[in-house]
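K.L.:
Below is the structure I would like to discuss, written out as structure tokens.
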Amino acid sequence: MLLIACGGGGPSTSDGQDDAPGSGLVFVVNSVGVAERTRGFDLDGACVATDDCVDNRLYQLRAGNTEVLRVLSESADRLLVEIAGIEPEPAPEVDLVSVSLYVGEPTPTGGLRISERSLLEGRARSRALAQLENDEISAPPGHELELVLGTDRDGASYDLAFRLAVAALQARIDPAKARLDRFLIGGAATIPDLATRPNPFCGREEALCGRDDQTLLDLIASAAQPDIDISPADGLEKLHVNQVSRRVSRCLDGQGRELEPSNAAEPWTCALRSELKDGYSITFELEAHRFEGEIE
Ligand SMILES: [Ca+2]
Ligand SMILES: [Ca+2]
């Protein structure tokens, strides 16, 4: 007897969306950085020239890649990628799977525990429904993903993380399912998220620090304008940075109307206005290998 049927129909399939965190294939990210300008996804369906549709406006943050790798290697926590819902052989031609991102915290026994901060109601906060076809995993733009590249020195909060809107991903999984390579995660780092994150490079990589108390948005807006018009698509918001204070000094909505700061003495608080929703495209390039230890 070769098969024992379970129930009346064919074998049931899973897209992994309801699987318990840590029960799928877990990989540890061993390399991450911002990708070159031409690598990534077409997030907005628009092209700047023929065959130039990829959106990766923040590619210049590549200048911080060495620092990002240092933070990743020095942190005790691990960035984990889980793929759940892979069907056993013979695999269907197109297999729906779930890709989740977590922070793994070390346990005394050498294993990892999925951080509570990565979970919401028992599931990954950062999760995408993807397709697996010919060893290629892909999820089109449209997800909300948080990519935590490093935890801060006291472990209290993440200081090197990006929350990406309209996010997409792709990766190649080797046939032995031991590695993920050609792995890209792209999306729009939004104004409200960047405006609340301190510039992680201050005190570490001075070329990427305008002043000590600036936010990541202050750094980015001094070199680039948002390029991804997020709902409602009403035109791109604009930010001005004061060259003396090195902080955001004016915010304009998609129609070019000025948004007043909530605190007139702190002009950069205009970037905290709830009307601002647009973002800056960015692509991260990762490599990950299968985690062989225990997930608790
Ligand atoms: Ca595009
Ligand atoms: Ca807009």
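The sequence shown begins at 0 in numbering that gives the first Met the number 0 and counts up by one. Ideal Cβ positions, reconstructed from N, Cα and C, are used throughout, including at glycine.
1) What does the alpha-carbon distance come out to for the pair L275 and I190?
2) Return the CA-CA distance between L2 and E88, expressed in angstroms with no decimal places.
3) When burial is assigned at 16 or more other CB atoms within 10 Å of the CB, is P199 buried or exposed?
4) Under 5 Å from any heavy atom of ligand 1, by CB: list those residues in chain order, please.
5) Would F283 and L68 qualify as a contact pair, given that the criterion is a beta-carbon distance under 8 Å?
6) For a quick check, are the C-beta atoms of D293 and G110 less than 8 Å apart?
7) Under the assumption that L148 contacts A138 (Cβ atoms under 8 Å), give the Cβ distance between them as a whole number of angstroms.
8) What is the rounded straight-line gap between the Cα of G23 and the Cα of I82?
9) Tell me whether E284, by its Cβ, gets closer than 7 Å to a heavy atom of ligand 2.
10) Out of V27, S72, V33, point me to the one whose CA is closest to L150's CA.
11) Thinking N55 and I281 are a contact (beta carbons under 8 Å), I'd like their distance in whole angstroms, please.
12) Beta-carbon separation of A170 and F182 under 8 Å?
13) So, does the CB of E274 fall closer than 8 Å to a CB anywhere in chain B?
14) Excluding sequence positions up to five away, which residues of its chain have a Cβ less than 6 Å from the Cβ of S30?
15) Check for me: the alpha helix (DSSP H) holding N64 runs from which residue to which?
16) Under 8 Å by Cβ, that's how I've got A187 and Y279 pegged, so tell me the actual separation to the nearest angstrom.
17) Cβ of K176 within 7 Å of any heavy atom in ligand 2?
18) Counting C-beta neighbours from all protein chains within 10 Å, is the total for A160 16 or more, i.e. buried, or is it exposed?
19) Please look up how many angstroms separate the CB atoms of A220 and L207, rounded, as I've assumed it's under 8 Å.
20) Using the C-alpha atoms, what's the distance from S273 back to D335?
21) What residues sit near ligand 2, counting only those whose C-beta is closer than 5 Å to one of its heavy atoms, in chain order?
22) Does the Cβ-Cβ distance between S125 and L144 come in under 8 Å?
23) Quick one, which of P91, P20, R77 has its alpha-carbon nearest P105's?
24) Should E236 be labelled buried (16 or more other beta-carbon atoms within 10 Å of its own) or exposed?
25) Bridge partners for L215 per DSSP, in chain order?
26) Out of G253, R249, A194, which has the shortest C-alpha to C-alpha gap to P260?
27) Do H288 and F40 have their C-beta atoms closer together than 8 Å?
28) What residues in its chain sit with their C-beta under 6 Å from that of G21, if we drop five residues either side in the sequence?
29) Taking the straight line between their C-alpha atoms, what separation do you get for V98 and R245?
30) Considering only the beta carbon of each residue, do A270 and V240 sit closer than 8 Å?
P.N.:
Looking at the atomic coordinates:
1) 7 Å
2) Note on L2: pLDDT 43, under 50, position unreliable in the model; the coordinate value appears next. Between L2 and E88, the C-alpha separation is close to 13 Å.
3) buried
4) D41, D43, A45, C52, D54
5) no
6) Position check: residue 293 holds Glu in this sequence, whereas Asp was assumed. Cβ distance < 8 Å, so E293 and G110 count as in contact.
7) Their Cβ separation, rounded to whole angstroms, is 20 Å, which puts L148 and A138 out of contact at 8 Å.
8) 6 Å
9) no
10) At residue 150 the sequence reads Thr, which differs from the Leu that was named. Ranking V27, S72, V33 by Cα distance to T150 puts S72 first.
11) 6 Å
12) yes
13) No chain B appears in this structure, which consists of one protein chain only.
14) E286
15) 64-73
16) 6 Å
17) no
18) buried
19) Going by Cβ atoms, the distance from A220 to L207 rounds to 14 Å, so no, they are not a contact pair.
20) The question about residue 335 has no answer here: the residues shown for the chain are numbered 0 through 295.
21) D228, D233, G253, D277
22) yes
23) R77
24) buried
25) DSSP, once it has assigned bridges, lists no residue as partnering L215.
26) R249
27) no
28) I113, I294
29) 38 Å
30) no
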